[in-house]
Structures are given as C-alpha cells and as structure tokens.
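See below for the structure under consideration.
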Amino acid sequence: MKSKVQSFSFLMELIIVILFFAASTTVCASFIVQAKNKQVQGTNLQNALIEAQSMIETMQAYPQADLEQLLEVEKIDENHYQKDNIFIEIDRDMITQGKIMIKNKNEVISELPFVLGGNHDE
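Below you can see the structure in the form of structure tokens.
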C-alpha cells in the first residue's frame, strides 16, 4: 500500500514538472517569435532608411529632374510620390523642400526632411 502512495506522489510530481516545463517552453517560444519579428522590422526600417537617404542624395544631385523617372516612384498627386512603403512629399516654392516618410501599415515610423537648393540654414 505504501509503495502505491509513493508511486502516485512521484507520478503527480512528474506531471507537475512536465507541465511547468511545457509552460516555460511556451513562454520562451513566444519571446523568440517576438524577437524575430522585431529583428525583421528593424531590418526593414534600416533598408528603408538607406533607400530614403539614397533618394534624397539623388534628388540633391539632380534637382530639376522628373522624380518619376529619376527615382522610379509613382506619382500620387502634384506634390506626393510613393515607392513601396516610402512616401515623398515635396513643396516647391522659392526653394524645393519636403520630407520622406517611411510608413508601416499607415503608421509613420520615420520622417526625413530635405532641402534641394537654396539656403540650407533655414
């Protein structure tokens, strides 16, 4: 009788330990998935920032060129252009200025202002 009680206690302890490790594994796996998602988002942002910087430098090198041909962007309206998740907003007054916005699911995650020509001290 005593061995049945001991084996039942051992079995219960073993089940509790297995459940604890299963719960721990689930939590750790979710952390790993979240970390991977953050890494992918960071990589995408880094690539978009590099491309946006390249666009700004290209526009500064060729300020009079047509943006659709120069940057291979889609014209949305008179002052707005888009390429993937990168949006360009341009104001043409005495100097050309604007900003490049990097979006993720309609949320702006980064803005890069730029000036093409004119006085850069403004």
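Each residue of the sequence shown is one higher than the last, beginning at 1 in the UniProt record's numbering. No residue lacks a Cβ here, since even glycine has one placed at the ideal position from N, Cα and C. Only a predicted model underlies this, so the values are computations on that prediction, with no experimental measurement involved.
In the three-state DSSP reduction, V73 falls in the coil class, being neither helix nor strand.
Ranking N104, F114, I56 and P113 by CA distance to the CA of T43 puts N104 first. Taking 8 Å as the cut-off, the beta carbon of I102 is found no closer than this to the beta carbon of N79. Taking one beta carbon from each stretch, the stretch 9-26 and the stretch 69-83 have fewer than 3 pairs nearer than 8 Å; the two do not touch. Nearest Cα to Q64 within the set V115, K4, I18 and Q6: V115. By the neighbour-count criterion, in which a residue is buried when 16 or more other Cβ atoms sit within 10 angstroms of its Cβ, M55 is buried. A Cβ-Cβ separation of about 6 Å places V73 in contact with Q82 under the 8 Å criterion. Here the C-alpha atom of E107 lies approximately 17 Å from the C-alpha atom of P113.
Nearest Cα to F87 within the set Y62, D93 and Q53: Q53.
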